[in-house]
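Peer 1:
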Amino acid sequence: MINALGRPQHVLLLGGTSDIARAAARAWARESEGLRVTLAARPGGGRDAAVAELEALGARVAVLDFDAEDTAGHPELVRRAAAERDVDVAVVAFGVLGDEEQAWQDHDSAVEHARVNYVGAVSVGVPLAELVRRQGHGVIVALSSVAGERARRSNFVYGSTKAGMDAFYVGLGLALRGTGAHVVVVRPGHVRTKMTAGRADAPLATDPEVVAAAIVDGVARRRDIVWVPGAMRGVMSAIRHLPRPVFRRLPL
Amino acid sequence: MSDDDRLLTGWGGTAPSRARAVTACVHDVADAVTAAGPRGIIARGLGRSYGDPAQNAGGDVLAPLPSRIDLDEGTGIVRASAGTSLHELIRAALPRGWFVPVTPGTRYVTLGGAIAADVHGKNHHRDGGFGAHVRELRLVTADGSERTVSPEQDAELFWATVGGMGLTGVITEATVAMMPVESSLVRVHTRRIDDLATLMTAMREADRAATYSVAWIDTLARGRHLGRSVLTTGEHATATEARAAGRSGAGVPREPLRVVPPRVPGGLVNRASIRAFNELWFRRAPRDRRGELQGIGQFFHPLDGIADWNRLYGSAGFVQYQLVLPDRSEDVLPVVLERVAERGHPSFLSVLKRLGDEGPGLLSFPLRGWTLAMDLPAGRDLEPLLRELDELVLSAGGRHYLAKDARMSAHTFDAGYPRAAAFRRVRDRVDPDRVFCSDLARRLEL
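Those sequence lines, one after another, are chains A and B.
Counting from 5, one number per residue, gives the positions in the first sequence under this note's numbering.
Counting from -4, one number per residue, gives the positions in the second sequence under this note's numbering.
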């Protein structure tokens, strides 16, 4: 169960090797003794490192093999994650961000973005929603992005997938009202992670730990939408309302 | 039976979860229990537990049974349905010369809830907890059978049920020995006390001298004012005293004022408002006044005067943190108060009481020593502070009250309740499949 101050006992990380998901799990593990974490990720060194890091903080970690594109296996994966005990928080943290110029010109790359970031997110969202409804409680955290707020020239393939998954999870939050379950959509700006390694910092760039703190706080306060950093909300609102002729000329 | 889905919280308004609300009369409680699904069932009273013991996410929650009171005026033995509130019981019994043996700070709790939480009152140091006055109770267990348990008949199950937070079965009826009183008034001695050491000395004396004693502490006061408080002690007034005061002494507590709107904006209860309130509370108390006659409601249940006062905390809600420190580690009390004061977490109406000996209830809270309860608005930095306090309390040999708790970990619970293993064994015997389940049971891995 999640306690009165929003600290969970069992967290499911989908895309468990994501830097942001790992940082969130570390933050919860520091405040919940004996936190249980189920890491759903591809087997390999990245997952092993995530397990070791969380166990060092006293968390009890289980792993599940997870492939975002294997949508047929997702309902069974969610069922197995909750077989032993309720999932208090599920973090949908997987995603790909390829070379953007390649992404809109290379068919395989574009389809992979869409499959992982959008289809995969919807595919886990449905069984997660079913799970938290049955439990009568539970929080789904969806890691969206400010890139979904308005398609920009520089990253519109990634942006379009995040726009789709963002809309799905915002809608899911509305659908789950009154069920005891809750959805938190997190919209970070540029986060310095292995996904963005090698790219120049965008304005208001931030770190996984900052996003993690915002997730912990958003879950505790049952927020619907969390911008990280908070100032991103105003920035993106301005960008969204720019007239198209101006928007087109900006190097965004 | 009828049912509908409801979002439920405790009195603190935190961590809502959805359950199917089941209404049953006394004859079909067993049917409701055997019809419970995989997520089980738990009985709920008036929802005055602060945390999650009367919630059952995804399962069933049984509404209180209709009130029924059968009082033997000669002996003061009352048989009542578990859904009867102490308010109803007091109103029925007081005009006939009987009072509940133990009352918590609110009379809007059910008899079943009072037993399940083994509630204590301002007289614990003298009279023990509520369970000590229960002669027997009727319990519907997981197999759907209804049985009578008492300190003589299946004592093990009886003392697991007293304080057992509803996890051994549904209490349908209880037989309780009431306390004779000559009037409905209490003779009260109120004094303002400037510091903690003086307060503790005065309260230790009150252990011997007073039937009822309680102190309100201003937890925002620091330094030499740490422990600044108002101590009240009381005795039931005699018929002669009541007549001399020109009062019939037959009054019963009134219904509360309904003045709090259903939705209150957050932030109303903050550092400034609490500081102002505490200051006012301290200054309006008399420096030293003896012999004042107060009504039952005024003395025992001052907060019951205003219905739904918990809503004043807004949608974020609040937690009540109630701990007990055994006498041998009473020096930890100022450490706890200092820690709360220095972190600036405001609490209004923090209460300090003496408790008497530990009772036989396997999960009963009281230990001989000091119990402190603080209402704290749910806020960002509260969890780290309370985790520190958990450690202090556990290393002092103390523990936390399940009727108030909404956040401690299973580990903290096990460390504070060494008889939890014995409790789980009773559960293994009478409810091996864990038909009785609550959010608290899941959180504390009971």
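Cβ atoms here follow ideal geometry from the backbone N, Cα and C, with glycine treated the same way.
Tell me the DSSP bridge mates of Gly142/A?
Peer 2: Position 138 of the first sequence holds residue 142/A. According to DSSP, which records beta bridges pairwise, Gly142/A is partnered with Ala185/A.
Peer 1: Label Thr98/B either buried or exposed according to how many other C-beta atoms from any shown protein chain fall within 10 Å of its C-beta, with 16 as the threshold for buried.
Peer 2: Residue numbering aside, residue 98/B sits at position 103 when the second sequence is read from its first letter. Buried, by the Cβ-count rule.
Peer 1: Would you list, in sequence order, the uninterrupted beta strand (DSSP E) runs of no fewer than 3 residues that lie entirely inside the stretch 60 to 99 of chain A?
Peer 2: 64 to 69, 93 to 96
Peer 1: With a threshold of 7 Å between beta carbons, is Ala14/B in contact with chain A?
Peer 2: Looking up residue 14/B in the second sequence gives position 19. At least one chain A Cβ lies under 7 Å of Ala14/B.
Peer 1: I think Gly142/A touches Asp92/A, with their Cβ atoms under 8 Å apart; what is that distance to the nearest whole Å?
Peer 2: In the first sequence, the residue the question calls residue 142/A occupies position 138. In the first sequence, the residue the question calls residue 92/A occupies position 88. Confirmed, Cβ separation roughly 6 Å.
Peer 1: Can you check whether the C-beta of Arg26/A is within less than 7 Å of a C-beta belonging to chain B?
Peer 2: Mapped onto the first sequence, residue 26/A falls at position 22. Chain B contact via Cβ: absent.
Peer 1: Quick one: residues in its chain with C-beta nearer than 8 Å to the C-beta of Trp93/B, no 5 flanking neighbours on either side, listed in chain order?
Peer 2: Locating residue 93/B in the second sequence gives position 98, counting from the first residue. The residues are Leu66, Glu68, Gly71, Val73, Met173, Met174, Pro175, Val176.
Peer 1: Our contact map puts Val128/A next to His78/A with C-beta atoms below 8 Å; I'd like the distance itself, whole angstroms only.
Peer 2: Taking the first sequence and counting its residues from 1, one reaches residue 128/A at position 124. Taking the first sequence and counting its residues from 1, one reaches residue 78/A at position 74. Yes, Val128/A and His78/A are in contact; Cβ-Cβ is about 5 Å, under 8 Å.
Peer 1: Under three-state DSSP, which class holds Met174/B?
Peer 2: For the purposes of this step, residue 174/B is taken as residue 179 along the second sequence, with counting starting at 1. Met174/B: strand per DSSP, three-state reduction.
Peer 1: Which residues in the same chain have their Cβ closer than 7 Å to the Cβ of Leu344/B, if we skip the five residues on either side of it in sequence?
Peer 2: Position 349 of the second sequence, counting from 1, holds the residue named residue 344/B. Within the same chain, Leu344/B has close Cβ partners Trp211, Asp370.
Peer 1: Tell me where the alpha helix (DSSP H) around Gly175/A begins and ends.
Peer 2: For this step, residue 175/A is matched to residue 171 along the first sequence. Element bounds for Gly175/A: 160 to 179.
Peer 1: Within its chain, find whatever has a CB closer than 7 Å to the CB of Asp400/B; leave out the 5 residues flanking it on each side and keep chain order.
Peer 2: Stepping through the second sequence from its first residue, residue 400/B is reached at position 405. Only Gly46 meet the Cβ criterion.
Peer 1: So, at 6 Å on beta carbons, what are the nonlocal neighbours of Pro187/B in its own chain, with the 5 sequence-adjacent residues on each side left out?
Peer 2: On the second sequence, residue 187/B is found 192 positions in, with the first residue counted as 1. According to the sequence provided, residue 187/B is Arg. The question's Pro does not apply to it. Result list for Arg187/B: Val225, Ala280, Arg282, in chain order.
Peer 1: Taking the continuous alpha helix (DSSP H) assigned at Thr156/B, which residues delimit it?
Peer 2: Locating residue 156/B in the second sequence gives position 161, where the first residue counts as 1. Element bounds for Thr156/B: 150 to 156.
Peer 1: Out of Glu213/A, Val195/A, Met199/A, Val214/A, which one is the CA nearest neighbour of Asp205/A?
Peer 2: Taking the first sequence and counting its residues from 1, one reaches residue 205/A at position 201. When C-alpha distances from Asp205/A are compared across Glu213/A, Val195/A, Met199/A, Val214/A, the shortest belongs to Val195/A.
Peer 1: In this structure, does DSSP put Met236/A in helix, strand or coil?
Peer 2: Residue mapping note: residue 236/A aligns to position 232 of the first sequence, counting from 1. Assigned with DSSP and collapsed to three states, Met236/A falls in helix.
Peer 1: Straight-line CA distance for Gly175/A to Ile229/A?
Peer 2: For the purposes of this step, residue 175/A is taken as residue 171 along the first sequence, with counting starting at 1. For the purposes of this step, residue 229/A is taken as residue 225 along the first sequence, with counting starting at 1. Their backbone Cα atoms lie some 12 Å apart in a straight line.
Peer 1: Roughly how many angstroms lie between the CA atoms of Tyr412/B and Arg382/B, to the nearest whole one?
Peer 2: Residue numbering aside, residue 412/B sits at position 417 when the second sequence is read from its first letter. Residue numbering aside, residue 382/B sits at position 387 when the second sequence is read from its first letter. Roughly 17 Å between the two C-alpha positions.
Peer 1: Using the beta-carbon of each residue, which ones in chain B are nearer than 8 Å to Glu59/A?
Peer 2: To locate residue 59/A, count along the first sequence from 1; it is residue 55. Per Cβ cutoff of 8 Å: no residues; Glu59/A is ~17 Å from chain B at best.
Peer 1: Am I right that Leu108/B and Gly40/B are in contact with their C-beta atoms under 8 Å? What's the rounded C-beta distance?
Peer 2: Translated into positions along the second sequence, residue 108/B becomes position 113. Translated into positions along the second sequence, residue 40/B becomes position 45. Rather than Leu, the amino acid found at residue 108/B in this sequence is Gly. The pair is a contact, with the Cβ atoms about 3 Å apart (cut-off 8 Å).
Peer 1: Suppose the cutoff is 7 Å on Cβ atoms and the five residues either side in sequence are ignored; what does the same chain contact list for Glu213/A look like?
Peer 2: To locate residue 213/A, count along the first sequence from 1; it is residue 209. Result list for Glu213/A: Ala27, in chain order.
Peer 1: Going along chain B in order, which residues have a C-beta closer than 7 Å to the C-beta of Thr183/A?
Peer 2: Stepping through the first sequence from its first residue, residue 183/A is reached at position 179. Those are Arg13, listed as they occur along chain B.
Peer 1: May I have a chain-ordered list of the beta strand (DSSP E) segments no shorter than 3 residues that lie completely inside the stretch 6 to 35 of chain A?
Peer 2: 14 to 18
Peer 1: Please state the DSSP three-state secondary structure of His395/B.
Peer 2: What you label residue 395/B is simply residue 400 of the second sequence in a count that begins at 1. Reduced to three states, the DSSP call for His395/B is strand.
Peer 1: Which class does His479/B belong to by DSSP, given the choice of helix, strand or coil?
Peer 2: Summary: the structure shown does not reach residue 479/B, with chain B confined to residues -4 through 441, and so no result is reported for it.
Peer 1: Helix, strand or coil for Arg46/A, going by three-state DSSP, please let me know.
Peer 2: Along the first sequence, read from residue 1 onward, the residue named residue 46/A stands at position 42. Three-state DSSP puts Arg46/A in coil, outside helix and strand.
Peer 1: By the 10 Å Cβ neighbour count, where 16 or more other Cβ atoms means buried, how is Leu347/B classified, buried or exposed?
Peer 2: Reading the second sequence from its first residue, position 352 is the one you call residue 347/B. Leu347/B should be labelled buried.
Peer 1: Do Asp385/B and Thr407/B count as a contact pair if the criterion is CB distance below 7 Å?
Peer 2: Here residue 407/B is taken as the residue at index 412 of the second sequence, counted from 1. Here residue 385/B is taken as the residue at index 390 of the second sequence, counted from 1. In this structure, Asp385/B lies closer than 7 Å to Thr407/B by Cβ.
Peer 1: Taking only beta carbons into account, state which residues of the stretch 156 to 183 of chain A come closer than 9 Å to chain B, listed in chain order.
Peer 2: Per Cβ criterion, the list reads Gly182, Thr183.
Peer 1: In terms of alpha-carbon separation, which member of Leu152/B, Leu2/B, Leu435/B lies closest to Phe418/B?
Peer 2: Working through the second sequence from its first residue, we reach residue 418/B at position 423. Check the Cα spacing between Phe418/B and each of Leu152/B, Leu2/B, Leu435/B: the tightest is with Leu152/B.
Peer 1: Apply the 10 Å Cβ neighbour rule to Ser390/B and answer buried if 16 or more other Cβ atoms are within range, or exposed otherwise.
Peer 2: To locate residue 390/B, count along the second sequence from 1; it is residue 395. Exposed is the call here.
Peer 1: According to DSSP, what are the bridge partners of Glu141/B?
Peer 2: For the purposes of this step, residue 141/B is identified with residue 146 of the second sequence, where counting begins at 1. Partner(s): Val135/B.
Peer 1: Closest by CA to Pro33/B, which one among Met169/A, Ala87/A, Pro207/A, Asp211/A?
Peer 2: In the second sequence, counting from the first residue as 1, residue 33/B sits at position 38. The shortest Cα separation from Pro33/B among Met169/A, Ala87/A, Pro207/A, Asp211/A belongs to Ala87/A.
Peer 1: Pro379/B touches chain A at which residues, Cβ-Cβ below 8 Å?
Peer 2: Here the question's residue 379/B lines up with position 384 in the second sequence. Those within 8 Å of Pro379/B in chain A are Glu35.
Peer 1: To be precise: take each residue of the stretch 135 to 149 of chain A, compare its Cβ to all Cβ atoms of chain B, and keep it if any distance is under 7 Å. Which residues remain?
Peer 2: Arg138, Gln139, Gly140, His141
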